[in-house]
Amino acid sequence: MNKELENPIIIEFPLRGEWDAVNTPAKRIPSHGIDLWGQRYAYDFLKMKSKKLFDGSNFQYYLTGIKTKKCYCWNEPIYAPMDGEVVAAVDGRKEPKRIHPLVDLLRVLRNSISFIIKVQKTGMEHADYNNFVGNYIIIKHDGYYSFYAHIRPGTIAVKTGQLVKQGDILGKVGHTGNSTAPHLHFQLSDSSDLNQAKGIPCAFRNLEYHINGEWKLEEVSIPRHDVKFRYVKD
0 MNKELENPII IEFPLRGEWD AVNTPAKRIP SHGIDLWGQR YAYDFLKMKS
50 KKLFDGSNFQ YYLTGIKTKK CYCWNEPIYA PMDGEVVAAV DGRKEPKRIH
100 PLVDLLRVLR NSISFIIKVQ KTGMEHADYN NFVGNYIIIK HDGYYSFYAH
150 IRPGTIAVKT GQLVKQGDIL GKVGHTGNST APHLHFQLSD SSDLNQAKGI
200 PCAFRNLEYH INGEWKLEEV SIPRHDVKFR YVKD
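Numbering (numbering that gives the first Met the number 0), first residue to last: 0 to 233.
Below is the structure:
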């Protein structure tokens with residue numbers, strides 16, 4: 000294990016059911032290939048069946064696209080993994096009705112170019128990351144912050160200043176911002192200001208991994224990118 004991950008903050012998993020970690024610090028650090036906005040140890044969680052993200056044919060996906068609501072993890076509830084206070088709950092970003100590899104790639108590229116232009120004009124401290132993260136929630140905990148991005152429009156169930164308990168529903172998985180398919184981007188950081196935040200490594204309690212046809216429990220673990228897993232409540 001990378002030495003940076005030796006003493007992570009240990010929390011509950013924010014989702015239910017079976018999941019895959021596409022981007023994870025268990026695979027590489029920085030997990031998203033860039034050390035920006037506190038995402039050094041960030042995760043991207045999504046659901047796959049037979050290595051597919053959606054209910055439909057690959058031919059349709061590449062030709063006309065697949066309806067967003069047909070993606071396996073779209074609209075899945077997101078749960079608070081620990082107690083805390085909501086310091087940001089930002090809605091209003093629209094969600095594409097379909098996923099399509101070329102269309103989504105062009106949107107991500109457009110957002111990236113727009114961001115670079117704005118940074119050149121105003122400086123990094125005034126950078127607007129909303130086009131990247133879509134609808135999002137930030138929760139303050141004891142000495143750190145949790146961050147949830149790409150939330151489905153209209154599903155954020157908390158508001159700024161609200162106290163939440165572990166297990167409370169925060170919102171639902173969506174496809175807003177720089178997203179090529181519905182998924183949850185999750186991270187811990189030392190600040191609620193993403194332009195200043197530094198990432199903090201975290202691990203999760205009670206995850207079962209599907210290995211050689213069997214589910215095997217690990218009491219504390221950092222999800223790997225090549226093994227399906229699920230959260231098991233105490």
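From the three backbone atoms N, C-alpha and C, an ideal C-beta is built for every residue, glycine too.
{"Check": "Top-ranked residue by Cα proximity to His149, from Leu183, Asp82, Thr121", "Outcome": "Leu183"}
{"Check": "Rounded separation between Gly170 and Ile137 - CA only", "Outcome": "12 Å"}
{"Check": "Cα-Cα separation, Tyr143 to Ile33", "Outcome": "21 Å"}
{"Check": "Bounding residues of the beta strand (DSSP E) (the contiguous stretch that carries Leu216)", "Outcome": "213 to 220"}
{"Check": "CA-to-CA distance, Arg97 to Lys232, given in whole angstroms", "Outcome": "34 Å"}
{"Check": "Reduced DSSP secondary structure (H/G/I, E/B, other) of Pro76", "Outcome": "strand"}
{"Check": "Residue environment, His209, which counts as buried when at least 16 other CB atoms sit within 10 Å", "Outcome": "exposed"}
{"Check": "Of the residues Leu62, Leu206, Leu216, Val86, the one placed nearest Tyr135, counting alpha carbons only", "Outcome": "Val86"}
{"Check": "Pairwise C-alpha distance: Lys158 and Ala88", "Outcome": "6 Å"}
{"Check": "Backbone CA spacing between Gln165 and Phe131 [nearest angstrom]", "Outcome": "27 Å"}
{"Check": "Nearest-angstrom Cβ-Cβ length linking Ala25 and Ile199, presumed shorter than 8 Å", "Outcome": "Contact doesn't hold; Cβ gap of about 15 Å is too wide."}
{"Check": "CA nearest to the CA of Leu45, picked from Pro95, Lys197, Ser178", "Outcome": "Ser178"}
{"Check": "Inter-residue spacing [alpha-carbon to alpha-carbon] between Asn1 and Tyr147", "Outcome": "24 Å"}
{"Check": "Proximity of Ile196 and Ser188 at Cβ, strictly below 8 Å", "Outcome": "As written in the sequence, residue 196 is Ala, which differs from the Ile given in the question. Yes, Cβ-Cβ distance for Ala196 and Ser188 is below 8 Å."}
{"Check": "Local conformation of Lys51 per DSSP, three classes", "Outcome": "strand"}
{"Check": "Close Cβ partners of Asp43 (< 6 Å) along its chain, the five nearest in sequence each way excluded", "Outcome": "Val21, Asn22, His182, His184"}
{"Check": "Limits of the unbroken alpha helix (DSSP H) element including Val157", "Outcome": "No alpha helix (DSSP H) contains Val157, which DSSP labels as neither H nor E."}
{"Check": "Rounded separation between Pro13 and Ala79 - CA only", "Outcome": "6 Å"}
{"Check": "Proximal residues to Val107 (C-beta, below 6 Å), its chain only, five neighbours per side dropped", "Outcome": "Asn177"}
{"Check": "Cβ-Cβ distance between Asp90 and Pro152 below 8 Å", "Outcome": "yes"}
{"Check": "Coarse secondary structure for Val86, derived from DSSP in three states", "Outcome": "strand"}
{"Check": "Close-in-space but distant-in-sequence residues of the same chain around Gly215 (CB under 6 Å, 5 per side omitted)", "Outcome": "Residue 215 is actually Lys in this sequence, not Gly. If we look at Lys215 and ignore the five residues flanking it on each side, its Cβ neighbours are Tyr208."}
{"Check": "Buried versus exposed call for Phe58 [16 or more other C-beta atoms within 10 Å across all chains shown]", "Outcome": "exposed"}
{"Check": "Length-filtered (3 minimum) beta strand (DSSP E) runs lying within the stretch 12 to 68", "Outcome": "17 to 22, 42 to 45"}
{"Check": "Extent of the continuous beta strand (DSSP E) to which Asn134 belongs", "Outcome": "134 to 139"}
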